[in-house]
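Remarks on the structure that follows.
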Amino acid sequence: MSNSSDTADIVEEQGHLDTLYGHLDALREEASAQLSKALLQTGGTPADRSHRDSESALYGERVAQYSAVENGLCFGRLDFAEGRDGANGEDEASGEDDANGERGAKGENGAKGEYKTQGETRYIGRIGIFDEENDYEPLLIDWRAPASRPFYLATAAAPDGVRRRRHIRTERRTVTGLDDEVLDLTEAHGTGRGAHDGVTGEAALLSALTASRTGRMRDIVETIQAEQDHVIRADLGGVLVVQGGPGTGKTAVALHRAAYLLYTHRQVLSSRVVLIVGPNATFLRYISQVLPSLAETGVLLGTMGDLFPGVAAHREEPADIAAIKGQAGMADVLAAAVRDRQRVPEEPLALHLDLLDGGAVMLEPEVIKDARERARRSGRLHNLARPDFDTEIIHALSLLVADTIGIDPYADDPLGGDDAPGERQLLEEADLAEIRRELRGEAEVLGALDWLWPILTPQQLVAGLFASDARLAAAGADPRLKRSARSGWTPADVPLLDEAAELLGEDETVLEIIAERRRRQQVAYAEGALEIAFGSRSIDVEDEDDPELLSVTDLLEADRLAERHDEGEALTPAERAAADRKWAFGHVIVDEAQELSAMAWRLLMRRCPSRSMTVVGDVAQTGDLAGASSWGQALTPYVGERWRLRELTVNYRTPAEIMSVAAGVLAGIDPDIRPPRSVREAGVEPWVRGVAPARLADALTEAVEREAEAAGEGRLGVLLPSGLFEDLVPHVRKAAPDAALGEQPDLTARVVVLTVKQAKGLEFDGVIVVDPERMVEESPRGANDLYVALTRATQRLGILHPGTLPDSLHAVVGI
Numbered sequence: 001m002s003n004s005s006d007t008a009d010i011v012e013e014q015g016h017l018d019t020l021y022g023h024l025d026a027l028r029e030e031a032s033a034q035l036s037k038a039l040l041q042t043g044g045t046p047a048d049r050s051h052r053d054s055e056s057a058l059y060g061e062r063v064a065q066y067s068a069v070e071n072g073l074c075f076g077r078l079d080f081a082e083g084r085d086g087a088n089g090e091d092e093a094s095g096e097d098d099a100n101g102e103r104g105a106k107g108e109n110g111a112k113g114e115y116k117t118q119g120e121t122r123y124i125g126r127i128g129i130f131d132e133e134n135d136y137e138p139l140l141i142d143w144r145a146p147a148s149r150p151f152y153l154a155t156a157a158a159p160d161g162v163r164r165r166r167h168i169r170t171e172r173r174t175v176t177g178l179d180d181e182v183l184d185l186t187e188a189h190g191t192g193r194g195a196h197d198g199v200t201g202e203a204a205l206l207s208a209l210t211a212s213r214t215g216r217m218r219d220i221v222e223t224i225q226a227e228q229d230h231v232i233r234a235d236l237g238g239v240l241v242v243q244g245g246p247g248t249g250k251t252a253v254a255l256h257r258a259a260y261l262l263y264t265h266r267q268v269l270s271s272r273v274v275l276i277v278g279p280n281a282t283f284l285r286y287i288s289q290v291l292p293s294l295a296e297t298g299v300l301l302g303t304m305g306d307l308f309p310g311v312a313a314h315r316e317e318p319a320d321i322a323a324i325k326g327q328a329g330m331a332d333v334l335a336a337a338v339r340d341r342q343r344v345p346e347e348p349l350a351l352h353l354d355l356l357d358g359g360a361v362m363l364e365p366e367v368i369k370d371a372r373e374r375a376r377r378s379g380r381l382h383n384l385a386r387p388d389f390d391t392e393i394i395h396a397l398s399l400l401v402a403d404t405i406g407i408d409p410y411a412d413d414p415l416g417g418d419d420a421p422g423e424r425q426l427l428e429e430a431d432l433a434e435i436r437r438e439l440r441g442e443a444e445v446l447g448a449l450d451w452l453w454p455i456l457t458p459q460q461l462v463a464g465l466f467a468s469d470a471r472l473a474a475a476g477a478d479p480r481l482k483r484s485a486r487s488g489w490t491p492a493d494v495p496l497l498d499e500a501a502e503l504l505g506e507d508e509t510v511l512e513i514i515a516e517r518r519r520r521q522q523v524a525y526a527e528g529a530l531e532i533a534f535g536s537r538s539i540d541v542e543d544e545d546d547p548e549l550l551s552v553t554d555l556l557e558a559d560r561l562a563e564r565h566d567e568g569e570a571l572t573p574a575e576r577a578a579a580d581r582k583w584a585f586g587h588v589i590v591d592e593a594q595e596l597s598a599m600a601w602r603l604l605m606r607r608c609p610s611r612s613m614t615v616v617g618d619v620a621q622t623g624d625l626a627g628a629s630s631w632g633q634a635l636t637p638y639v640g641e642r643w644r645l646r647e648l649t650v651n652y653r654t655p656a657e658i659m660s661v662a663a664g665v666l667a668g669i670d671p672d673i674r675p676p677r678s679v680r681e682a683g684v685e686p687w688v689r690g691v692a693p694a695r696l697a698d699a700l701t702e703a704v705e706r707e708a709e710a711a712g713e714g715r716l717g718v719l720l721p722s723g724l725f726e727d728l729v730p731h732v733r734k735a736a737p738d739a740a741l742g743e744q745p746d747l748t749a750r751v752v753v754l755t756v757k758q759a760k761g762l763e764f765d766g767v768i769v770v771d772p773e774r775m776v777e778e779s780p781r782g783a784n785d786l787y788v789a790l791t792r793a794t795q796r797l798g799i800l801h802p803g804t805l806p807d808s809l810h811a812v813v814g815i
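Just so it is clear: in the sequence shown, position 401 is 401 by the UniProt record's numbering, and no numbers are missing.
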């Protein structure tokens with residue numbers, strides 16, 4: 001690797017970069033013009049409006065993509081040796097549609113065409129750009145195209161025809177530096193290989209790793225390594241498990257895989273949507289800019305607490321309660337809870353009917369039980385079986401009413417017949433049908449039906465279960481689940497709500513009623529508009545001799561006018577997916593997947609019936625009690641052994657000095673797990689400081705002052721045990737008044753105070769871990785939490801403790 005500061009080289013690259021930005025500006029202007037044209041269109045037929053909405057979505061997305069790739073548009077160049085035909089065996093056109101539905105090399109955003117490879121030069125960037133005036137010659141190749149793979153895979157030992165790989169560093173639209181790797185050993189005189197085996201683009205990689213954090217994850221498109229590239233470009237189908245220790249780039253790989261899959265399978269995934277599930281809202285904000293920077297804006301990001309539309313489930317709850325809710329047996333509990341709401345009273349149910357002038361009929365428990373069994377045998381879900389139950393009960397009641405009428409010798413005929421009192425009533429089927437119709441309007445009957453077989457929402461079922469000792473006992477649930485129904489939903493409740501929805505079924509009748517009500521309102525509004533138009537006619541027009549003169553009221557009816565102006569709500573596929581519980585996603589990516597409970601996996605498998613998933617995590621970092629101890633435990637119930645495992649073994653984030661400390665904790669968790677190999681050393685040894693318990697707070701203030709200064713323009717993370725959070729935060733703020741904290745802290749702040757759970761998936765230039773012994777004691781999986789805490793730093797690590805340390809740290813720190 002060499003740093004090229006040759007003025008001529010920089011001038012050459014600047015010239016090409018200027019050309020690229022000229023094309024980018026032209027593409028953006030064209031897309032903006034088309035977007036404006038689409039947005040200015042109004043009215044028209046439903047087909048016209050649908051076409052307008054599609055064009056608005058298409059060109060709106062393109063404008064967003066072109067703006068997102070403004071920085072770092074072009075970052076690489078490949079120079080191939082003379083006489084080579086085909087650089088990687090994968091460079092020919094794949095025959096698949098590119099990002100904009102074009103084939104070959106004619107798409108605005110594609111890069112999958114055939115490329116000349118005889119002594120050619122290829123520029124690699126965030127999107128594909130072609131010279132339309134020169135037979136669509138590729139000016140810039142999308143990093144996801146097969147033709148770009150040598151940029152990530154070629155080495156001096158296996159150059160694959162690449163003579164030189166160049167990393168182009170830019171600041172906005174200006175070239176600021178070049179890093180060259182000569183892979184032709186004869187030309188490089190044996191110096192082409194980097195110092196670290198398996199690492200390509202070493203100078204660019206180390207520059208990215210040592211750069212100060214900003215509080216937002218950056219993409220790694222310029223520095224993707226070979227083992228990461230293999231994961232990113234793995235086949236779409238099936239469940240792919242990506243196991244990797246701290247700092248191996250699991251999250252970045254998952255996000256780049258999403259971008260790659262959308263590029264490669266655009267036609268399928270753009271409409272079915274890719275779902276990315278993260279551990280918490282803070283994490284999602286941390287990664288939120290990565291996909292837009294890769295020109296992808298149509299992905300749905302969410303936490304488990306976001307996956308039941310209409311419910312915001314972010315309340316914290318004790319770990320042991322969340323673990324109970326996550327057990328697979330909760331599916332049986334909920335099924336029992338539904339059956340428990342299908343009641344059969346122990347005593348006859350007296351119903352006073354207007355049909356009998358307030359007289360009562362007695363509905364026997366056996367009759368209700370028979371009706372319940374018939375409804376259950378229908379095979380329908382609870383809410384959908386309610387009409388069957390109603391029919392059985394109404395039929396039984398009609399016979400009771402008929403029998404009452406027939407045996408009462410003193411009553412007048414309630415149905416208005418003229419039979420003489422004392423004569424037995426002989427009712428025909430039409431009479432019984434009329435009785436049933438009237439029974440369906442009886443308040444007491446409707447109330448009884450609602451009590452015996454209530455129509456339930458998932459929220460009503462789950463909240464009702466948790467609010468009642470009797471219902472918990474009847475469902476066979478753990479009594480510790482008892483809580484107030486008003487205390488709010490937690491992430492662990494969401495899989496239960498989803499399970500409840502599957503058991504209850506959704507009655508479409510209510511939705512149809514709402515839609516019909518809305519249509520009638522629109523028609524009424526249209527009628528008012530036409531009346532105004534009719535009343536506003538000119539007097540002269542009314543006095544015309546020609547009575548056949550037509551007006552708008554003659555040509556247009558109210559319902560047609562209402563239909564014409566029913567614009568509807570134009571939603572993107574991702575927005576529609578977020579609002580639809582039954583949406584089947586094209587692909588699901590789960591980060592920190594080791595934390596998911598059995599019930600959470602049930603939910604996700606329902607969301608992805610194709611089982612096309614990327615599962616990313618590290619079982620050594622499992623912190624939740626309901627989380628997985630192995631991938632087989634989590635996945636076997638759904639896919640058996642049909643899942644693939646890929647491991648990331650190189651630690652890019654955590655320097656060797658810090659990883660040596662964390663390795664001792666990992667050995668205590670599972671001695672068979674090998675820590676990932678750090679690719680670099682930071683040159684700074686971790687520090688450990690023990691103080692008297694009474695001095696802990698003041699010592700923390702001093703440490704924050706010192707480490708914040710050492711971090712410079714970077715970010716410092718202060719990780720506290722949950723039990724000490726409130727006591728120690730004021731002392732952190734003595735040193736850093738603007739320190740960020742809370743449920744969704746601002747990660748761009750220079751100092752951020754977090755619990756270990758909040759810190760999952762995040763990284764900071766420097767980290768202070770406070771009282772690791774208490775971190776371990778706070779949770780049955782405290783050692784896993786400590787391992788997470790120790791591996792969040794990219795440069796500096798400090799450990800502050802009140803005189804005691806976990807055994808796993810004693811040997812490492814020499815105590």
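For every residue, glycine included, the Cβ atom is placed at its ideal position computed from N, Cα and C.
Just how far apart, CA to CA, sit residue i and residue j?
i	j	result
R480	G326	14 Å
A634	M613	13 Å
G761	H230	22 Å
E304	A708	Here residue 304 turns out to be Met, not Glu, going by the sequence shown. Taking the straight line from one Cα to the other gives about 34 Å.
R607	W583	6 Å
E202	A252	18 Å
G742	K757	12 Å
V239	V588	9 Å
T490	M330	15 Å
R383	A371	Correcting the residue type first, residue 383 is Asn in the shown sequence and not Arg. Answer to the nearest angstrom: the Cα atoms are 15 Å apart.
E82	T121	11 Å
A313	Q744	14 Å
L209	P454	59 Å
A524	R343	43 Å
Do residue i and residue j have their C-beta atoms within less than 9 Å of each other?
i	j	result
V770	V688	no
A710	R796	yes
V639	G617	no
P318	E347	no
T248	R680	no
L603	L307	yes
A475	A337	yes
G78	R164	Checking the sequence, you will find Leu at residue 78 rather than Gly. A contact, by the Cβ cut-off of 9 Å.
W643	V361	no
If you follow the alpha helix (DSSP H) that residue i is part of, which residue opens it and which one closes it?
i	result
I799	Careful: I799 lies outside any alpha helix (DSSP H), inside the beta strand (DSSP E) at A793 to H801.
R576	P573 to A579
Y652	Y652 -> no alpha helix (DSSP H), and no H or E assigned at all.
I321	A319 to G326
D57	The question names Asp, but residue 57 in the sequence shown is Ala. A57 -> alpha helix (DSSP H) spans P46 to A68.
Just checking my contact of residue i with residue j at CB under 8 Å: how many whole Å lie between their CB atoms?
i	j	result
A749	G278	Not confirmed; about 20 Å, so no contact.
M775	G782	6 Å
D219	V290	5 Å
H167	F80	In fact, because the Cβ distance is near 17 Å, the residues do not count as touching under 8 Å.
residue 844	D390	Given that the chain is displayed from residue 1 to residue 815, the structure contains no residue 844 and the question cannot be resolved.
T794	E763	6 Å
In the DSSP assignment, find the unbroken beta strand (DSSP E) run with residue i in it and report its ends.
i	result
W453	Counting along the chain, W453 falls outside any beta strand (DSSP E), and DSSP gives it neither H nor E.
D765	F764 to V770
R695	Counting along the chain, R695 falls outside any beta strand (DSSP E), and DSSP gives it neither H nor E.
I435	Looking at the DSSP string, I435 is not in any beta strand (DSSP E); the run it does join, the alpha helix (DSSP H), is E429 to L439.
G617	M613 to G617
Going residue by residue through the region 207-263, where are the continuous alpha helix (DSSP H) segments of at least 4 residues, counting only ones entirely within it?
Listed in chain order, the alpha helix (DSSP H) elements of length 4 or more contained wholly in the region 207-263 are 226-232.
For a minimum of 3 consecutive residues, which ranges assigned as the beta strand (DSSP E) are wholly contained in the region 274-314?
Counting only unbroken stretches of 3 or more residues, the beta strand (DSSP E) elements lying wholly within the region 274-314 are 274-278 and 300-303, in sequence order.
Curious, which full-length beta strand (DSSP E) runs of at least 3 residues does the region 127-174 contain?
The qualifying runs are 129-131, 137-142 and 162-171.
Please list the segments of the beta strand (DSSP E) lying wholly inside the region 709-793, counting only runs of 3 or more residues, in order along the chain.
Uninterrupted beta strand (DSSP E) stretches at least 3 residues long and entirely within the region 709-793 occur at 716-719, 751-754 and 764-770, given in chain order.
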